[in-house]
Amino acid sequence: MAVDVQVETVIARPVAEVAGYASDPGNAPAWYANIRSVQWRTEPPVRVGSEMEFVATFLGKRLAYTYGVVEFVDGERLVMETAQGPFPMRTTYTWEPVAGGTRMTLRNTGAPSGFIKVSAPVMAAAMKRATTKDLARLKAILEG
0 MAVDVQVETV
10 IARPVAEVAG
20 YASDPGNAPA
30 WYANIRSVQW
40 RTEPPVRVGS
50 EMEFVATFLG
60 KRLAYTYGVV
70 EFVDGERLVM
80 ETAQGPFPMR
90 TTYTWEPVAG
100 GTRMTLRNTG
110 APSGFIKVSA
120 PVMAAAMKRA
130 TTKDLARLKA
140 ILEG
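When we follow numbering that gives the first Met the number 0, the leftmost residue of the sequence shown carries the number 0, and every step to the right adds one.
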């Protein structure tokens, strides 16, 4: 069973500011509750081909994974993928101007395999809760 979780929020800041902050992997530990650290494997800044190592915790487990940037349109869209491990993931950020600021959408899709496949519905629900809180934290940081 595939996992597809999408959340969005409106942040009362210009698109360039929201996209600039959110697309900088160095800021991820500040607004993602589960991300503990990020290290570049390639030279910054973010561009297609960039790779970063993330260390996170999810459902009580430590996860280490490498994201590769597969699409980047500054101020519009960032798409990152990881292929290793039992749960390959694709994360997409989009930003669009709306009345009152910027609509940011965060979407995570993946196809868990092995024993994790059975827990996909529980995992999707936990991801939705976590990403909703993460976007709320990002909003608070940028509007604060």
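Glycine included, each C-beta is placed from N, C-alpha and C at the ideal position.
The three-state secondary structure of THR8, taken from DSSP, is strand. Contact annotation: GLU80 and TYR66 have beta-carbon atoms nearer than 8 Å. With contacts defined by Cβ atoms closer than 8 Å, ILE10 and LEU105 do not form a contacting pair. Selection GLY99, ARG102 and PRO120 evaluated against GLY109 yields PRO120 as nearest (Cα-Cα). For MET103 against ALA15, the beta-carbon gap comes to about 13 Å, at or over 8 Å, which does not count as contact. The residue among GLU50, SER49, MET122 and VAL68 with its C-alpha nearest the C-alpha of LYS60 is MET122. Put simply, the backbone Cα of THR130 is about 10 Å away from that of ARG136.
In this chain, the alpha helix (DSSP H) harbouring TYR20 covers 14-21. The C-beta distance from GLU52 to ARG40 rounds to 6 Å, short enough to meet the 8 Å contact threshold.
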